[in-house]
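With the numbering used here applied, the sequence shown corresponds to residues 877 to 1165, in that order.
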Amino acid sequence: MNAVMTDKQDQEPSPILSLGFSPCPNDTFIFDALIHGRVDCGFRFRERLEDVETLNRMALESVLDVSKVSYHLLGHILKDYLLLRSGGALGRGCGPLVVARGNVDPGALAGKRVALPGRYTTAALLLRLFNPALTDFVYLPFHEIMAAVADGSVAAGVIIHESRFTYQGYGLHKVLDLGEWWERETGHPIPLGGIAAKRSLGRDALLRLERGIGESVDYAFGHPGEARPYIRAHSQEMSDEVCDAHIGLYVNDFSRELGSGGEAAVRLLLGRAAAAGIIPPWQEPLLIS
């Protein structure tokens, strides 16, 4: 008995990593099991819940060990981070929407002010790829964009997250679905956000993280009720219906495992962004080999 107790006392605690993700239902659904020890990858986590553009800027400064980031931002941080194959948001029918007060031709927005949910968001990247002539942007928190469009502060806005389900309540009209445009243009699903981890953690740790996040997604799908309190704690203004729709839209098989199709979509998006001069070219490996 004493020997067993000594072994437990001598056992070193799991290392703690900083982990950033958004308070949106898709992210809290994905990370609930990992944060609360329902799956174990050999690490404990100190979570930091912030909106996606705050996480993007933190990643630019290498603040967090592991973080959800926009794929647009990923192109700026590949010297220090690489992409994990699990935990991201990539799919079909889930792209950002351009909304306006009336039925506006997207081509008529050139020279007009458009609100974007952050300089480094994939939404901003997609709009710039769609029409490089659009240059007059104002950057707002994503939840403020619909009101800015509705009151005429901007001619149009690009909305993400749960705004997809609520913009009509502001009297707004969908001008363009950037996800549909991307899918039609390329045939690929749209990469929105992925999980970046510091290269300095080393291959073994990165593989354990990748596996652990995938297992956390599997656990959430297998036990959806267990994640509900964590989801609700960070989405108090959303109804259960909107939370469920949000999860259903952004969490899918690509969240479990990026796969060859997902990887091809990410490489194409980053390649087009680099060709357009929006992100720098990179030489570093994108994924764990």
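Ideal Cβ placement from N, Cα and C applies to all residues, glycine included.
Computed from a predicted structure; not experimentally measured.
Exercise. Between which two residues does the beta strand (DSSP E) containing PRO1067 stretch?
Worked result: PRO1067: member of the beta strand (DSSP E) spanning 1066-1074, first to last residue.
Problem set entry | Boundaries (first-last residue) of the alpha helix (DSSP H) holding TYR1126 | Residues 1116-1126.
Problem set entry | Nearest residue (CA-CA) to THR1011, options ALA984, ILE1035, GLY1028, HIS1019 | Of ALA984, ILE1035, GLY1028, HIS1019, the residue nearest in Cα terms is ALA984.
Exercise. Quick one: Cα of SER1165 to Cα of ALA1031, how far?
Worked result: Here the alpha carbon of SER1165 sits roughly 45 Å from the alpha carbon of ALA1031.
For this session: Using alpha carbons as the reference points, say which of ASN902, GLY969, ASP908, ALA1151 lies closest to TYR1095.
Result: The candidate whose alpha carbon is nearest that of TYR1095 is ASP908.
Exercise. Can you name the start and end residues of the alpha helix (DSSP H) that ALA1179 belongs to?
Worked result: Residue 1179 falls outside the range modelled here, since the chain spans only 877 to 1165, and no answer is possible.
Exercise. Taking the Cβ atom as the reference point for each residue, do GLU1086 and SER962 lie within a distance shorter than 8 Å?
Worked result: Taking C-beta atoms as the reference points, GLU1086 and SER962 count as a pair closer than 8 Å.
Exercise. Do you know how far the Cα of GLU1160 is from the Cα of LEU954?
Worked result: Those two C-alpha atoms are separated by around 7 Å.
Exercise. Taking the C-alpha atoms as reference points, what is the distance between GLN885 and THR997?
Worked result: Because GLN885 sits at a pLDDT of 47, beneath the cut-off of 50, its placement in the model cannot be relied upon, and the following sentence gives the value as read from the coordinates. One Cα belongs to GLN885, the other to THR997, and the distance between them is close to 46 Å.
Exercise. Which same chain residues, not among the five before or five after VAL880, have their C-beta less than 7 Å away from its C-beta?
Worked result: Annotation note: pLDDT 44 at VAL880 (below 50); position unreliable, no value reported.
Problem set entry | Rounded C-alpha distance that separates ARG1075 from TRP1158 | Distance from the CA atom of ARG1075 to the CA atom of TRP1158, rounded to whole angstroms, is 15 Å.
Problem set entry | Presumed contact (8 Å Cβ cut-off) between ARG924 and LEU940, rounded CB distance | That belief holds up - the Cβ atoms of ARG924 and LEU940 are roughly 6 Å apart, short of 8 Å.
Exercise. Which residues bound the beta strand (DSSP E) around ASP1053?
Worked result: First-last of the beta strand (DSSP E) with ASP1053: 1049-1053.
Exercise. Alpha carbon to alpha carbon, how far is ILE1066 from CYS970?
Worked result: Separation of ILE1066 and CYS970 (C-alpha to C-alpha, rounded to the nearest whole angstrom) is 8 Å.
Exercise. Do TYR1015 and ARG989 come within 8 Å of each other at the CB atom, strictly closer than that value?
Worked result: Against a cut-off of 8 Å, the Cβ pair of TYR1015 and ARG989 comes out as no contact.
Exercise. GLN1044: which of LEU1005, GLY1078, ILE892, ASN979 sits nearest, CA to CA?
Worked result: Closest by C-alpha distance to GLN1044, out of LEU1005, GLY1078, ILE892, ASN979, is ASN979.
Problem set entry | Cβ-Cβ distance between VAL1051 and PRO1008 below 8 Å | Contact flag unset, no.
Problem set entry | Coil, strand or helix - TYR1015 by DSSP | DSSP places TYR1015 in strand when its eight states are reduced to three.
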